[in-house]
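K.L.:
In my numbering, the protein residues as written are 878 to 1037.
The C-beta atom is built at its ideal place from N, Cα and C for all residues, glycine as well.
Take this structure, written in structure tokens, and hold onto it; I'll ask about it next.
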């Protein structure tokens, strides 16, 4: 009887543990692809920014399901501006491609924080319905498709 109870206990816990590992893998794969694209956008991630972009805090997903990124744009005169973007994973509509690869949202879900020139303090600047991932690559359609597949796998864990 004790063996039966133990077996029942593990059969109930195994799917939960497997789902947690699968979610972690889906998050890791998605974030790794985002960071790969971003790292290859060496000049800048958005046309409104000037100077060289460096990554202060790479793409990451927190426990609340918020995707975030912090970058620094440094001009030739060494002045810099920091920018941070945060948005919920579960609200991403699709991966889009215009001048940049972007995460597109149905409504203004992306909060953009910016610093004053040469300041590290980030202040909420505006909200928008897209999050720029990075500058285009010659083979961006391939990256867009791969990222969309990874997003689809991830959203399974974030849909209510």
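(1) Once you ignore the five residues that flank residue 1026 on each side, which residues in its own chain have a CB closer than 8 Å to its CB?
(2) Around the C-beta of residue 962, are 16 or more other C-beta atoms found within 10 angstroms, so that it is buried, or is it exposed?
(3) Taking residue 949 as the reference, which of 972, 967, 918 has the closest Cα?
(4) Could you give the C-beta distance for residue 904 and residue 938, rounded to a whole number, given that I count them as a contact under 8 Å?
(5) Going residue by residue through the stretch 896 to 960, where are the continuous beta strand (DSSP E) segments of at least 3 residues, counting only ones entirely within it?
(6) What do you get for residue 893, buried or exposed, if any count of 16 or more other CB atoms within 10 angstroms of its CB means buried?
(7) Determine the direct distance from the alpha carbon of residue 987 to that of residue 908, and round the result to whole angstroms.
(8) If you reduce the DSSP assignment to three classes, tell me which class residue 1117 lands in.
(9) Under DSSP, the beta strand (DSSP E) around residue 988 begins and ends at which residues?
(10) Under the assumption that residue 1033 contacts residue 994 (Cβ atoms under 8 Å), give the Cβ distance between them as a whole number of angstroms.
P.N.:
In terms of the structure at hand:
(1) As a working note, residue 1026 is residue 149 in the chain shown. Closer than 8 Å at Cβ, skipping near neighbours: no residue.
(2) Numbered from 1 along the chain shown, position 85 holds the residue referred to as residue 962. The residue is buried, with at least 16 neighbouring Cβ atoms inside 10 Å.
(3) The count along the chain shown starts at 1 and reaches residue 949 at position 72. The option with the nearest alpha carbon to residue 949 is 918.
(4) Here residue 904 refers to the residue found at position 27 when the chain shown is read from its first residue. Here residue 938 refers to the residue found at position 61 when the chain shown is read from its first residue. That belief holds up - the Cβ atoms of residue 904 and residue 938 are roughly 5 Å apart, short of 8 Å.
(5) 929 to 938, 943 to 951
(6) Position 16 of the chain shown, counted from the start, is the residue given in the question as residue 893. Low local confidence applies: a pLDDT of 48 at residue 893 is under 50, so the model's placement there is unreliable, and no value is given.
(7) In the chain shown, the residue the question calls residue 908 occupies position 31. In the chain shown, the residue the question calls residue 987 occupies position 110. About 17 Å.
(8) Outside the displayed span of the chain (878 to 1037) sits residue 1117, for which this structure offers no information.
(9) Working through the chain shown from its first residue, we reach residue 988 at position 111. Start and end: 987 to 991.
(10) One-based indexing of the chain shown puts residue 1033 at position 156. One-based indexing of the chain shown puts residue 994 at position 117. Contact flag wrong, Cβ pair sits at about 42 Å.
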